[in-house]
Each structure stands twice: as C-alpha cells, then as structure tokens.
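Take a look at the structure below.
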Amino acid sequence: LLAGLADALPDGSGWNRPDGGMFVWAQLPDDLDAERLLERALTHDVAFVPGWPFYAGEPDRSTLRLSFTTHTPDEIAEGLDRLARALRH
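Going by our numbering, the first residue of the sequence shown is number 1, and it counts up by one from there.
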C-alpha cells in the first residue's frame, strides 16, 4: 500500500507510515473532500473510510483511512489503481 500511494494520490497528499495497526491515514489536498471522493470511488468498485468522523475536535474532511490487513498485495495495487481513476473523474 505504501509503495503505491505516491502514484495513486494527487500531488500535495500525505500519509503516515504505521508501525502496526490496520490502516494508513492519508490526507488529500485541502480542496478535496474524502466523503465526496468515496461516492466516486464506489462507482469504481473501491472503498475506504473517510477520516473526519474519527476526530475529537474540528474534523479534517480531506483525510481517509486505507486498510492494509485483509487484502493481498495484488488486490491493494488494483484498489489503488481504481482510487486513482476515481480521483481523475
């Protein structure tokens, strides 16, 4: 997942490098809303969890959680490709 994020996400995005857990937290450029992106992503048969509901304070609507625990490397690569297509449309 980490190896493919730079190619899948738009310039200005960032993400953490977790030492464990189940998710990579990513942040899109401020002008992108992860919840709106999810609507488009679902039309490309890929999903993620918008990050904003997990904030205790002011939410950042440009954040998303990407799971890396239940899919094979090939499935993750395909998911990133689908996510990139959703971002372009």
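Note that CB positions come from ideal geometry on N, CA and C, so glycine has one too.
Bear in mind the structure is a predicted one, so any value in this text is a computation, not a measurement.
{"Query": "Own chain partners of Thr69 with C-beta closer than 7 angstroms, once the 5 adjacent residues on each side are dropped", "Result": "Met22"}
{"Query": "Pair within 7 angstroms by beta-carbon distance, Ala86 and Ala47", "Result": "no"}
{"Query": "Reduced DSSP secondary structure (H/G/I, E/B, other) of Arg61", "Result": "coil"}
{"Query": "Buried or exposed by the 16-neighbour rule on C-beta atoms within 10 Å, applied to Thr72", "Result": "exposed"}
{"Query": "Pro10 to Leu38 span [Cα, whole Å]", "Result": "15 angstroms"}
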